[in-house]
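Trainee: Residue numbers (our numbering): 1291 to 1409. Just so it is clear, CB atoms sit at the ideal spot from N, CA and C, and this is done for glycine as well.
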């Protein structure tokens, strides 16, 4: 019987270690992507980093790959897409651009609530 208890405890420890490794792997991936989100335009930096912070962890593996692919485009193209002046021909990138735009629109508005409190 102690063998079963030991086995269950061992399994729980392996699972906990696996979750920690996944979290560490995700954190490393986000750090690498944060560097790639640094662009020549401040507006793009802000949009891409907000999405990275607030929504990237929710993406599946295909969405993550699409985000990395999106970061490979030139700043002017990204700006046109993210500001709604153009639409990507690729449906996956189009969905991702829409998600980044949604994130931008529903982002925290601490400055507007603070402005009202200061009056």
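Have a look at 1361, 1352, 1341 and 1315 and flag the residue whose alpha-carbon is nearest the alpha-carbon of residue 1330.
Mentor: Selection 1361, 1352, 1341 and 1315 evaluated against residue 1330 yields 1361 as nearest (Cα-Cα).
Trainee: Of the residues 1367, 1322, 1341 and 1316, which one's Cα is nearest the Cα of residue 1386?
Mentor: 1341
Trainee: Measuring straight from C-alpha to C-alpha, what distance separates residue 1390 and residue 1368?
Mentor: About 11 angstroms.
Trainee: What's the C-alpha gap between residue 1347 and residue 1375?
Mentor: 27 angstroms
Trainee: Please name the residue, chosen from 1370, 1318, 1377 and 1381, that lies closest to residue 1353 on a Cα-to-Cα basis.
Mentor: Minimum Cα distance to residue 1353 is reached at 1381.
Trainee: To which residues of the same chain is residue 1335 closer than 7 angstroms at the C-beta, ignoring the five residues directly before and after it?
Mentor: 1327, 1328 and 1329
Trainee: Mapping DSSP to helix, strand and coil, what is residue 1396?
Mentor: coil
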